[in-house]
Structure formats: structure tokens, C-alpha cells
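Have a look at the structure below before the remarks.
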Amino acid sequence: MGSRTRAIRDERGYTLIELLVGVAMALVVAAAGSMIVVMAVQSQPRTTERAGQLQQGRVMLETLTRELRQGESILSASDSALEMLTYVSVASCGTVGSGPAQLCRVSYSCGTTSCMRTETAPDAPVGAPTSTREVVQGISGPGVFDPEGTDALDPTYVGVRLVFPQDDGAEGITLEDGAALRNHFDASGA
Amino acid sequence: MLKALRHILRRRTPGEAGFAVPTVMLAMVAAFGLGTATIVASVGAQQGTTRDENSKAALAAAEAGVANAMLRFNRIRTDAGSTADDCVPVGGAGVGTDGWCPNQVAGAIDLGGYTYRVKPTVASGSTPAQLTIVSTGEVDGVTRRVKTTADSIASGFRPFAEASVIGLDSIHLDSNANVDANVATNGNIGLNANSSLLCDYAQVGVGRGYSPVGSNVTTTCPPTSGSISLPPVNPGNVLNDNSNERICTLDPVTGTTCASAWNPITRVVDLDSGDSLTLGAAGGEFNYAFCRIDLGSNSYLHIANGAIVRIYLLSPDAAPCLNEPEPIRLHSNSKIEPTGSDPTSLQILVVGSATKATHITLDSNSFLFSCDQAFVVYAPRTALTLHSNTAICGGIAAKSVFVDANTTLLASSSSDEFELPGEEIAAHYDEPTDFTECDTTPAGTTTPDVGC
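In order, the protein sequences belong to chains A and B. Residue 152 in this note's numbering is what sits at position 152 of the first sequence, and the numbering runs on without skipping anything. Residue 1113 in this note's numbering is what sits at position 113 of the second sequence, and the numbering runs on without skipping anything.
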């Protein structure tokens, strides 16, 4: 009986000091947490957009290096544009739908923030099917392509560099790849 | 004991009565939640990177499959134009009804594995024989599939275009050996103490290098990774259509009399110490078909001025050279050289065997060729050993090259132009072309190149 009374006496209320310190700490933690949440919510659309752009960049690099690897020849190349003859698995050049690999004329053109891909038949007349689409955006262009080879007019390797800048313009994330033209041997007739 | 524990707990618990514990716990939960969210986001991003890495590794694995197929066909296949044994290099015999070899070959590289199937086609009209390869690489569940086609080399194959000394499996320079030539191998180039390799180009196999390297070694070029394959010698009909009878003379009284060094039955040239024999004649082109050349000490095998001489050392797989393991043996101080200074060409073509080991030995102080002329030894299935103080000048291609102490091996620029003779070299395929990447194989399809 006596010990029970002592236990009840031990459950006395919190002191004012404890309460004040506890509330202050809770406020600090809550404020920090809410700031983080607010920042996360605010940056979520930009983060999502950026993640999408990076994914788009990855897909473009994958597609481009595959086309380079299957390429026969580079028709023209600069740091912002690339035109080549390469094999593409489509029903016919410049149309949608897959099919056995066939030779198409594929070009990439990059501006200050995005790159466009155009596909058509190798000797396409005016009005022939042509497909053009944006393949990446959010980059810091136009220095994207780096053609290499012993003959400057007939490169056999092309390096590709996609720089996704930070919001303040500083260099952010860079995706880099490259491929040699595996079918170049045929194109030269050597 | 239990009482003491209860006492301690009771004494301490009231001390934790404030807000500190719940506040800290709340903070920990919040931090844990934020950390978890960060980790989940990071792992999500990392998965894309990992997938990219695996994708590239899978492509490399598929390419390794293509290289393996090329190697098998260029080093194992011996004939062309027959479909009965087209699939021997990948196991099996002939092609299936769909034209593809039934066997699927599997292999592995460091990062993953590959499988491939091949479709050999014989030459038809102006279309050369071709080898189509569909290879799939897989790394951690990511697959890449490629298709490529290699044309056979119909003529004009120049084995010494890039390197004058080729040892398919290895090249080794023993102490004080000196090689002044571009070299190529699929293995290592060994350099023992005080050896020197004076080169502009030295190719080693992928993942190989100068190994071992002794002290005080001289090299003038770094090793370059690559692979090299050499087609086997195609002797054609030289067994029956040759100039061997020139070694004999027709005596109207006694009949045919052959030089004592020549046995037309066993097809062995066996020069005793101090003997000499001249092959060919000025201005002519001669093909000889021997089983063995054995030059005793201080003997000489001469090549006539202005003659073009091809010596075929026939295969040990069949009569009359059955089980002949050493087609060329030069004993100490023996020589093979031209008789004068007129341009002369000597091509020693050793057929060898895919199943029986053969070797060529040059004993100490023996001498082969003159640097002014186009002399080559082409023996892609035969090991070549040069003992101390020997000297060779010309193009050398062998299964392996071992250069013993104090030996000198010099390149001859004229050997660059040497073209491997033969009616057709369809057994050798050039670098693959028509490279395409394929889609994932549709379910239920058995034809390897569907989707390519």
C-alpha cells in the first residue's frame, strides 16, 4: 500500500522548465522538417523534369551510339550537327513501325538546349517520308559531337557529350559516350 | 538478482520523465524517414546507371562471341567449298536445313557470358564465301544481340603487311636475343634479360603484354592489343604437280639418277656435312613439295639467282609425310641462301597439321636468307625455335616463335609484299562487316537472325 502511494507520487506533472525546453525542441524539429518538406514539394516538379531529361538523354545516347556503330559513313559532322548513313530497324526510312535493318539517312542537330533527330531515305527526293523529333532537351549545347578519325572529312569514330547544367548555369550532370562506325569498311569500298 | 534489477530500473526511470525522450524519438523517426526517402531516390537513379553499365558490358560480351567465332573458323577450318564439314569449328558436321550450324557455342568473359550461332555459306559466282554470326551477350540479365558477316579472302592475302615476325600463340626472346622487326602475336611477348625488340609496332593478345620482362631489356614500341589469325597453307595439287624431278637427272644408261641428298620416295632433302644443293634456275618459278629438309653441319641449300622458289613442306596427316614432326632442321653452321646477288624469292610454306604438333629448329650459327631478297617462312601451325647465334632475315610466321640467346631476327621490307599462294583461301575470313544490332529474340523463334 505504501509503495503504491509512492509510485503515484512519482507520476507528478512536468515542470515548467521541462515543458518549455520540450516545446522549444519540438518546434525546432518541426520547423526543420517542414522546411525540408516544403523545399522538396517545391523542387519536385523540377526534379521530375530533370530526371525525365536525364532519362531522355540516356535513351538518345543509346540510340545514337547504336546508329553510329551500325553506320556506314558520316556525311557531315560538326560539334552541333551530325549526318550519317546507317542501318535502322524500321518498316521504311522516315516512317514509324519496326522492320529489318535498312540503310537510312539520319541526322542530329543540336541547339543551345535541345537536339533534334531526322530520318529519311538515303537518296530521299523532295516530299519523301521524313520523321523529325526532339530527342533531348535541357542540355547545354551546342557542343555535343566530337568526330574523330584519320580523315577529318570521313570520321570513323564520334564521341557524344550531353551536359545537363544546373539551374544556376553551372555544369551539372554530364552523359558521355561514343562509338566507332563498324560498317565504315563497306562505305569506303576499301 | 531480479530484485536488484527492478530497483535499478525504478531508480532511473523517473529521471526520464521529461519531454526529452519523446522529442528525440520523434526527431529520429523524422530523420529516418527523410534518409529512407533519399536512399530510395538514390537507388532509383543508380539502377539506371547500373543498367547502362550492364548494357555496355553485354555488348562487349556479344562482340567477344563474334571474335571467338572468327578465331575458331580462321584457325580450325581447313577447307572451303564443302558444306559437309562447315560446322566443325563450332562442333558438329554440316549445316542444318536452315543453313545454320545446329550447335550453339557458349562462352564467358569476366563480366558475363555470350552465346552465338554461325551460318557459313560457300562462294557462288562473284560472291565470296561468307560467315554470318549472330552473337548474344548477357550481363546481369541485360542482353544485347548482334549480327555480323565476314567475307572470305579469295586472294591476295598478305600476312606480313603489318608485322614481319608473327607467332600466333607467343613470341619469346631469350637472353641477348635481338629482333629488329614489327611483331604480332595473340599471346605475350617475352623478353629475357638483355634482349632487344626494335620495332614500330608490336601487337599482343587482348589482356596480354610484354611478359616476362627481364633486366636491361630494350624495346622501342609499346605493346598494342589485338588479335591475328593466319589461314593455313593451301598446298593445292603441289603433291603431284611440282618441280621435284629437277633434283634428279636422266642418265640414258642407268636411268634416272637423283642427287644423293634427295630421296624422291620419302621426299626428304638430307644434306650431309659440307654438302650443297641448288634449287631452281634463273628466271624460272618452281614449286617443290618435300616432307623434310635436313641440313647437316656446314651444308648449304642454295637458291639459284633470279629464281622464284616455293618449298611446300607437306602435312604430317597423310602419306608420304605421315607423322613427320620436324619438317625443317638446320644443324649448326648450315645455311639456306641465294647463290648470288640477283633478286631471288624463296617462300617456305609449311602445311603442318591441326591435330599433330610440328616444329622447325634452327641450330646454333645456322643462317636463313639474305636481307636483300624476299624470303619468308610461313608456318602458321608449326612452332619455330631459333637456337643461339642463328640469324634469319625475312618474314616469319609460325604458331610460336622462340628466339634463343644471341640470335638475330631481322625484317626484310620486301617480305611485306608477299602474297600467300593458293587457288583459293576461302578458309580465312576477313574482318566482319555488315554489323547490325538485333532486337530481342521473339519468343518461339528458332532462326537466329530474326529481328536483326
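Note that CB positions come from ideal geometry on N, CA and C, so glycine has one too.
With 16 or more other Cβ atoms inside 10 Å of its own Cβ, Ala179(A) counts as buried.
Taking 8 Å as the CB threshold, Leu1026(B) lines the interface with chain A. If you check the CB distance, Leu1330(B) and Val1233(B) do not come in under 8 Å. Of all residues in the segment 28-46 of chain A, the ones placed with a Cβ closer than 7 Å to any Cβ belonging to chain B are Val29, Gly33 and Ile36, in chain order. By the rule that beta-carbons nearer than 8 Å mark a contact, Asp1294(B) does not touch chain A.
If you draw a straight line from the Cα of Gly1209(B) to the Cα of Asn1068(B), it is about 20 Å long. Put simply, the CB of Ala1030(B) is near chain A, with a gap under 8 Å to one of its CB atoms. Contact between the segment 1220-1232 of chain B and the segment 1240-1251 of chain B is not established, with fewer than three Cβ pairs separated by less than 8 Å. The residues Lys1335 and Ala1391, in chain order, have a CB closer than 6 Å to that of Phe1367(B) in the same chain once the five nearest residues on each side in sequence are set aside.
When the beta-carbon positions are compared, Val1139(B) and Leu1111(B) come within less than 8 Å of each other. Rounded to whole angstroms, the Cβ separation of Val1351(B) and Tyr1288(B) is 13 Å, and the two are not in contact under 8 Å. Taking a 10 Å sphere around the C-beta of Ile1328(B), we find 16 or more other C-beta atoms and assign the residue as buried. Contact annotation: Ala124(A) and Arg105(A) have beta-carbon atoms nearer than 8 Å. Residues of the segment 83-98 of chain A with a C-beta less than 8 Å from any C-beta of chain B: Tyr87, Ser89 and Ser98, listed in chain order.
Note on geometry: alpha-carbon atoms of Asn1054(B) and Gly1113(B) lie some 12 Å from one another. For Pro1325(B), the closest of Ser1345(B), Ser1297(B), Arg1292(B) and Arg1310(B) by C-alpha to C-alpha distance is Arg1292(B). Sequence-distant partners of Asn1333(B) (beyond 5 residues in either direction) whose C-beta falls short of 6 Å from its own C-beta, in its chain, are Ser1297, Asn1298 and Asn1365. Neighbourhood of Arg69(A) in chain B, by CB distance below 8 Å: Phe1435 and Glu1437, in chain order. In this chain, the beta strand (DSSP E) harbouring Gly159(A) covers Tyr157 to Phe164. Nearest to Ala1181(B) by alpha-carbon distance, out of Ala1383(B), Leu1271(B), Ala1163(B) and Thr1049(B), is Ala1163(B).
When rounded, the separation of the alpha-carbon atoms in Leu1295(B) and Trp1262(B) is 12 Å.
In the structure shown, the three-state DSSP call for Ser1415(B) is helix. For the 8 Å CB-CB criterion, Val1165(B) and Val1376(B) do not form a contact.
For Leu1034(B), the nearest CB of chain A lies under 8 Å from its own CB, placing it at the interface with that chain. Nearest to Ala1093(B) by C-alpha distance, out of Ala1108(B), Ala1397(B) and Val1118(B), is Val1118(B).
At a beta-carbon threshold of 9 Å, the residues of chain A lying near Cys1452(B) are Ser89, Pro100 and Ala101, ordered along the chain. Within a 10 Å sphere around the beta-carbon of Phe1290(B) sit 16 or more other beta-carbons, which makes this residue buried. The beta carbon of Arg105(A) sits no closer than 8 Å to any beta carbon of chain B. Between Arg69(A) and Leu181(A), the alpha-carbon positions lie close to 5 Å from each other.
Note that the segment 52-68 of chain A touches the segment 153-160 of chain A; at least 3 beta-carbon pairs, one per stretch, sit closer than 8 Å. Chain order gives the chain B residues near Arg58(A) as Gly1048 and Asp1052, where near means a beta carbon separation below 7 Å.
Scanning Ala152(A), Asn183(A) and Val135(A) for the CA closest to the CA of Ser78(A) turns up Ala152(A).
For Glu62(A), the enclosing alpha helix (DSSP H) stretches over residues Leu16 to Arg69. Beta-bridge pairing by DSSP links Arg1117(B) to Val1134(B). The DSSP-derived three-state label of Ile1189(B) is strand. Here Tyr14(A) is exposed, its C-beta having fewer than 16 other C-beta atoms within 10 Å.
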